[in-house]
Amino acid sequence: MTASVNLDHALILAAALFTLGLLGVLARRNIIFILLSIEVMLNAAGLAFVVAGAKWGETDGQVMFIFILAMAAAEVSVGLALMLRMYHMLKTLDADAAGSMKG
Amino acid sequence: MNAVFYLSAFVAVIATIMVITRVNAVHALLYFIVSLLSVAVIFFVLGAPFIAALEVIIYAGAIMVLFVFVIMLLNIGSEAAEKEKQLLSPQAWTGPASLAAVLLGELIYVLVKGGSGAGGIGIIGPRQVGVSLLTKYVIGVELASMLLLAGLVGAYHLGRRYRKERRRTA
Amino acid sequence: MILLWLIVIPLAGGAIAWYAGRFRTAWPRWISLITMLLMSWVSVNIWILHYASLKEMDLHGPWILEVRLSWIPQLGAGFHLGADGLSLIFVLLTAFLGLAAVASSWTEIRERVGFFYLNLLWILAGIIGVFLAIDLFLFYFFWELMLVPMYFLIALWGHENRRYAAFKFFIFTQAGGLLMLISILGLYFVHGKAAGDYSFDYPVLLGTSMSTGTEFWLMLGFFVAFAVKLPVVPVHNWLPDAHTEAPTAGSVVLAGLLLKTGAYGLIRFVVPLFPRASAEFAPAAMILAVIGIIYGAVTAFGQSDLKRLVAYTSVSHMGFVLLGVFVWSELALQGALMQIVCHGLATGALFIIVGALQERIHTRDMGRMSGLWEAAPRMAAAALFFALASLGLPGLGNFVGEFLVLLGAYKTSVAITVVAAAGIVGATVYSLWIVQRVFHGPNEQKWKIPDFSVREMAIMLAMMLSLIWLGIYPQPVFNTSKLAISNLKMIAAPGATTEDIRPAPETEKRLADKSISKTTPSKNLPSPLAKEGQITFLWQREDRRDFIIAYDLLSKSLGGLR
Amino acid sequence: MLEFLWLIPALPFAGSLVLAFAGRRLSRGGIAAFGVGSVGLSCITAFAVAAGFIGQAPPGHFYVQRLWAWLSVGGFTPEISLYLDALSLVMMLVVTFVGFLIHLYSSEFMIEEEGYGRFFAYMNLFVGSMLTLVLADNLLLLYLGWEGVGLCSYLLIGFWYKDPANGLAARKAFVVTRVGDTAMSIGLFLLFTNLGTLQIQELMRLATERWAVGSGLAVAAAALLLGGALGKSAQLPLQTWLPDAMAGPSPVSALIHAATMVTAGVYLIARTHVIFSLAPVVQEAVAVIGALTLLLAGFSALTQTDIKRVLAYSTISQIGYMFLALGVGAWSAAIFHFMTHAFFKALLFLGAGIVINALHDEHNMFKMGGLRSQVPVTFWTFLVGASSLSALPFVTAGFYSKDLILFETWASPAGSRWLWAAGLLGAFLTSLYTFRMVFVTFYGDAKMQVSRKPGAIMTVPVVILAVLSVLAGFLELPSSLGNVRIITSFLGSALPSETVSPGAAGAGTALMIVASAVSLAGIFAAYLLFFKKNLAADRLAGFVPGRMLHRLWFSGWGFDWLYDLLFVRPFFWFARSNKDDFSDLVYLGMIWLTGRFNNMLSVSQNGKVRFYAAGIAFGAVVVIAIAVFL
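Residue numbers (the working numbering), protein chains in the order written: chain C, 22 to 124; chain U, 0 to 169; chain H, 38 to 599; chain V, 3 to 632.
This is the structure we're talking about:
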């Protein structure tokens with residue numbers, strides 16, 4: 022399969038997805054959405070890696086995606102467990118409500 | 000192929016916008032799955048079929064299912080969505096949106112300036128990835144496995160304590 | 038190797054004292070006393086042994102004793118100790134005052150005795166290290182080593198406001214020390230770049246040629262560090278607090294020794310390393326000195342806390358030292374040296390007296406003291422003696438110091454000498470005020486206190502005799518430092534070239550060894566073809582490249598400052 | 003004999019050391035034995051050395067004894083060495099002999115005091131220091147002695163330390179003299195820097211070689227040395243400490259503040275007379291200061307009520323005469339007056355001490371009276387001293403020495419009629435206040451009972467001094483009365499002889515008659531005013547200007563008030579107000595600022611996870627911007 026996809030555009034897509042994820046993290050207060058947005062960002066980063074790998078024709082980009090995947094899995098499991106605990110302690114999913122850790 | 004790429008890119012962006020704007024978590028989740036699937040298509044287009052498969056199976060499958068379970072566990076109903084609506088005032092979007100826009104602008108500027116252009120894309124199959132993963136990156140694989148183990152233990156620990164607490168309070 | 042022992046003995050003694058303190062509280066005292074006696078014995082022996090050779094002009098190098106061990110060859114930092122007449126005097130003073138400090142805290146310290154003596158002896162080790170180190174890296178190491186135990190000494194065994202004082206002391210000296218570190222690194226790179234020989238070794242760094250601006254800023258870094266220690270007036274504020282709050286031994290060591298490290302640094306490093314900049318800076322430094330003399334004297338008089346008063350007298354007296362150093366004539370330098378020694382003795386003794394007084398009447402407020410002569414005549418007589426020493430009574434050592442400094446300064450600037458001499462009147466006022474307020478007058482509070490014990494009287498007598506000896510026959514001290522001072526003067530003389538300064542053959546050899554590095558362009562990356570021996574060499578160069586980058590940044594920013 | 007010279011200062015020092023360290027273990031007898039004995043031995047040695055010196059004069063009429071090299075730094079090589087010539091010999095003899103007599107007197111006078119050992123330790127230290135001062139071969143050693151005597155003066159004025167007023171007086175004395183000493187030490191710096199030595203004889207030689215008469219350096223050097231002399235000798239404007247110094251025990255006043263220490267300034271000027279000759283301006287200033295001081299102090303003495311303060315002002319006044327003599331180049335006359343003054347003033351102080359002691363420490367003369375019959379020996383000796391002080395013609399030592407000074411002031415080319423007139427007026431004042439003191443104290447009705455009569459040990463020194471106050475005058479008689487020139491010719495080897503302008507020499511007899519008349523007139527005036535109880539004096543003091551003058555004189559012309567206003571108060575004010583060291587404010591300000599910054603930054607630590615994420619994003623934006631656009 023020979024492709025003539027403009028890799029710059031693929032990277033721009035990755036950037037767009039990443040900023041959207043960032044926007045979600047910053048704008049949403051519900052911790053579920055924050056976690057989801059983080060997933061969006063991770064996914065975008067993975068996309069960028071794959072694009073870069075495609076550019077050079079090397080496997081490294083894909084390997085990095087697999088690592089990101091592993092990390093995302095770990096992060097989601099711990100993050101969701103924390104979220105559950107938080108919900109049971111504070112009876113809310115509002116991230117701003119969990120401010121008791123400030124100095 | 001170009002058409003497929005742009006179409007799925009369009010879908011991915013629209014779906015992601017929907018993800019971050021929904022008030023109902025389950026809706027958002029579903030949009031996110033759409034987004035992931037379209038990114039998987041892009042992976043396929045970029046000559047990474049293995050990754051495309053992983054994207055669908057693990058991301059859209061496993062991880063999202065985890066989210067769904069948790070949302071079910073939390074048992075938040077329609078009143079939660081109402082509350083969420085209140086929180087999402089238009090003003091809450093302005094600051095983050097401008098910051099994100101600046102970032103996006105910068106990134107695009109860099110990419111356009113860098114101008115790598117289109118490259119010939121060859122397919123990099125699962126075999127090559129697997130070989131590379133278990134030779135060059137074997138330490139990384141080990142570390143990832145440790146991370147997953149740690150995540151497992153951590154999640155279990157956090158969840159277990161919670162259950163104990165609940166029992167005590169009950 | 039005997040120099041190494043001078044550092045190891047207190048370190049080991051301190052550790053043993055600390056350990057022994059777990060078993061019985063008396064043991065650390067005896068162990069420290071024995072340690073300090075050993076130290077004194079060693080240093081006096083060095084003095085006696087080398088006294089004759091100190092006077093001769095044809096020494097092989099500037100050092101009568103030298104220890105050179107490899108330490109971090111990659112950076113050009115070596116464990117290089119050296120003693121000449123100058124450092125020997127400081128070492129002797131350290132041993133003597135260390136002994137006094139140990140003896141004076143005999144009954145004062147009752148808690149954590151072992152740890153106290155550990156700190157005390159380690160401070161002394163650090164101080165000795167500062168006086169002996171002639172590798173700038175090592176010097177900085179010892180310079181910082183003094184601070185930490187001193188901080189503990191003040192913070193743990195001090196008086197009411199000890200935390201504040203300890204912090205203040207630490208932050209002031211540390212800030213100065215960091216400026217010095219920047220200067221040390223700057224000098225290292227300037228020299229390394231020019232000579233291709235990256236080294237922290239003092240004899241190697243002497244006579245580094247650099248632009249006037251660079252020299253000035255580097256000099257200023259050193260100067261500020263030493264000025265804080267000395268202390269010079271605008272940065273003296275840590276001193277009254279630290280002296281006041283420290284336990285007696287701490288005050289003695291602070292006043293007698295720690296301040297002297299600043300003076301030593303000025304004499305040993307600032308002027309010889311940066312002769313032109315120092316000459317340029319000298320008028321400003323002398324004015325600061327005079328301000329210090331007057332300001333210290335006047336402020337001392339205003340105090341009501343006896344210990345604080347004595348602390349401010351140090352500010353005044355150290356002004357004479359600063360003046361002497363920057364006049365930089367033989368008279369003034371010898372005078373400054375004498376002033377350093379005698380101030381250590383006299384003020385140290387005054388602190389011991391104040392400490393003893395506080396131990397007995399539990400106050401330092403002069404408003405509550407009067408007529409103590411009646412209650413404790415021996416103590417009063419000792420206080421009178423040291424007050425007289427501190428006002429510069431002829432026949433006691435301080436007079437010799439002050440007189441020589443002023444005599445030397447007169448040649449440089451009459452106006453400064455006149456104002457500084459007026460400081461002597463100020464010294465008269467505050468010294469007499471101590472005696473008057475504390476010991477004379479009616480015994481209103483009906484104090485009944487035990488007079489000096491035999492132990493305390495022995496300390497006092499030893500210090501009195503030393504001061505009298507220095508007052509009427511100070512020549513041995515001058516003989517000891519004469520050669521060292523003329524060496525330093527030669528180094529700092531305008532127009533001296535590096536060849537005049539470098540100690541003859543061995544340094545030449547070092548230079549020859551390093552000459553390869555001169556030919557290696559810094560951009561060379563290690564080539565896989567390089568031979569093994571060379572690989573390590575180039576690896577070393579790689580290490581240094583980071584420093585070079587850092588230096589470039591530094592010099593850029595310095596340039597910006599200019 | 004000369005090689006024993008070092009023993010003369012060494013003996014009192016040794017005595018002082020013994021008393022300082024073993025004083026508590028010795029009995030009073032032992033203390034007296036050490037204290038008086040050391041000075042006695044020193045005195046005997048001094049006489050032996052003097053006999054050796056006079057009997058077989060060493061070549062050049064001086065003898066140098068090198069003890070050890072004090073220090074040797076950068077060409078500065080002062081030695082601890084003693085220099086004996088005619089001038090220092092006279093000084094040494096007076097110091098040891100009068101010192102011995104006063105020590106002897108003190109051994110009884112102070113017997114009931116608590117710090118008996120301390121007293122003698124200080125006194126011995128004083129004698130040792132004074133001898134060091136006198137015998138010093140170089141100015142640095144002289145300075146050592148100079149400060150040493152200042153210290154002892156301080157210690158002894160404050161001897162009764164329990165009264166804070168004494169301490170204050172002591173401190174004042176030390177600080178004021180230290181001001182002068184500082185000037186002197188600057189003078190030493192100048193001399194060494196420009197002439198390269200402090201060895202006195204060498205200095206004198208080099209000064210004449212290198213400095214022209216009236217050259218700037220010579221004037222500066224002389225002025226600075228004069229500063230030291232003014233402080234120590236309590237001359238204008240540094241005279242304020244001496245009246246207060248009377249807080250010390252009477253023997254101290256006799257020894258230190260009359261006979262010896264306060265004349266150190268005179269000695270210094272005589273010793274360095276070459277420099278003063280090179281600076282005629284300064285020498286003239288010496289004369290003027292002397293004249294002014296003798297008048298001001300004379301007026302002040304008139305109004306004092308404390309017997310010791312009268313004597314103190316009179317001392318200032320008499321030293322004024324010596325300065326006057328030095329100023330007009332009558333070097334030997336100054337030394338001669340120093341000698342006679344040492345005898346009669348010590349005598350007067352010792353007498354005053356007996357009186358005060360006899361009347362329960364009463365200092366006020368007007369509460370005394372009628373003591374003539376109660377302490378007859380004291381009265382007669384005091385009368386001899388007073389006559390000598392008032393220069394009673396022909397029979398007293400004071401007459402001859404003062405007459406010599408007045409004659410020289412008139413006749414010397416450096417002198418003038420005005421100075422002579424001032425001296426004459428001073429002589430009148432001297433007789434007036436002296437006999438005012440005598441009449442008030444010893445005549446009239448007895449107002450108090452004598453509680454304690456002097457014993458033999460106190461009487462003998464007084465009598466000896468009284469004899470000397472008469473006989474010492476016959477060492478030097480004017481040409482009209484036998485022309486005996488023992489002192490002048492003896493001092494001739496050390497000091498230049500007086501020059502007398504032609505034509506004035508013949509006036510000697512006439513001047514003498516005038517001076518005698520003035521002195522007698524003064525005594526007569528005192529007789530009228532204070533013996534006959536002619537109330538003219540009270541009436542005079544009753545007028546408004548009279549009252550104001552009285553107050554002014556009584557307070558020593560208001561110098562204390564002036565100095566208090568100009569120096570003491572500002573110094574105290576500044577020291578007290580800066581107790582907390584205003585420079586600390588800079589650092590406190592830094593602490594405050596850091597605290598404020600801390601507060602500001604801690605607002606950002608609000609615990610909101612989104613805020614932190616925004617921080618990270620913002621940081622990323624900035625870093626990328628830097629990387630991309632810079």
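Glycine residues also receive a C-beta, built at the ideal position from the N, C-alpha and C atoms.
For residue i, which residues in the same chain have their Cβ closer than 6 Å to its Cβ, ignoring the five residues on either side in sequence?
i                      : result
residue 108 of chain H : 114, 115 and 116
residue 454 of chain H : 443, 446 and 447
residue 39 of chain H  : none
residue 103 of chain H : 119
Going straight from the alpha carbon of residue i to that of residue j, what length do you get?
i                      : j                      : result
residue 111 of chain U : residue 61 of chain C  : 23 Å
residue 76 of chain C  : residue 106 of chain U : 18 Å
residue 408 of chain H : residue 116 of chain V : 14 Å
residue 128 of chain V : residue 66 of chain V  : 23 Å
residue 297 of chain H : residue 143 of chain V : 29 Å
residue 427 of chain H : residue 384 of chain H : 7 Å
residue 517 of chain V : residue 405 of chain V : 7 Å
residue 639 of chain H : residue 190 of chain V : The structure shown does not extend to residue 639 of chain H, since chain H is modelled only from 38 to 599, so the question has no answer here.
residue 575 of chain V : residue 55 of chain V  : 56 Å
residue 112 of chain H : residue 162 of chain H : 24 Å
residue 84 of chain U  : residue 218 of chain H : 59 Å
residue 523 of chain H : residue 501 of chain H : 30 Å
residue 86 of chain U  : residue 50 of chain C  : 7 Å
Could you tell me if residue i is buried or exposed, where buried requires 16 or more neighbouring beta carbons within 10 angstroms of its beta carbon?
i                      : result
residue 594 of chain V : exposed
residue 273 of chain H : buried
residue 156 of chain U : exposed
residue 53 of chain H  : buried
residue 180 of chain H : buried
For residue i versus residue j, is the C-beta distance shorter than 9 Å?
i                      : j                      : result
residue 429 of chain H : residue 436 of chain H : yes
residue 157 of chain H : residue 139 of chain H : yes
residue 681 of chain V : residue 344 of chain V : Nothing about residue 681 of chain V can be reported from this structure: the residues present for chain V run from 3 to 632 only.
residue 47 of chain C  : residue 95 of chain U  : yes
residue 156 of chain V : residue 167 of chain V : no
residue 293 of chain V : residue 410 of chain V : no
residue 360 of chain H : residue 323 of chain H : yes
Hey, is residue i close to the ligand SAM, as in C-beta under 8 Å from one of its heavy atoms?
i                      : result
residue 242 of chain H : Inclusion of the ligand SAM in the displayed structure is not the case, the ligand content being empty and no account of it being possible.
So, does the CB of residue i fall closer than 9 Å to a CB anywhere in chain B?
i                     : result
residue 95 of chain U : Considering every chain present, this structure includes no chain B. Its protein chains are C, U, H and V.
Apart from the five residues on each side of it in sequence, which residues of its chain come closer than 7 Å, Cβ to Cβ, to residue i?
i                      : result
residue 47 of chain U  : 123
residue 42 of chain V  : 102
residue 554 of chain V : 560
Check your understanding: Could you give the uninterrupted runs of the alpha helix (DSSP H) lying entirely in the region 85-115 of chain U, keeping only those of 4 residues or more?
Key -> Secondary structure remark: continuous alpha helix (DSSP H) runs of at least 4 residues inside the region 85-115 of chain U, in chain order: 89-113.
Check your understanding: At what residue ranges does the region 314-402 of chain V contain a whole run of the alpha helix (DSSP H), taking only runs of 4 or more?
Key -> Those alpha helix (DSSP H) runs which fall completely within the region 314-402 of chain V and span 4+ residues are 333-360 and 378-391.
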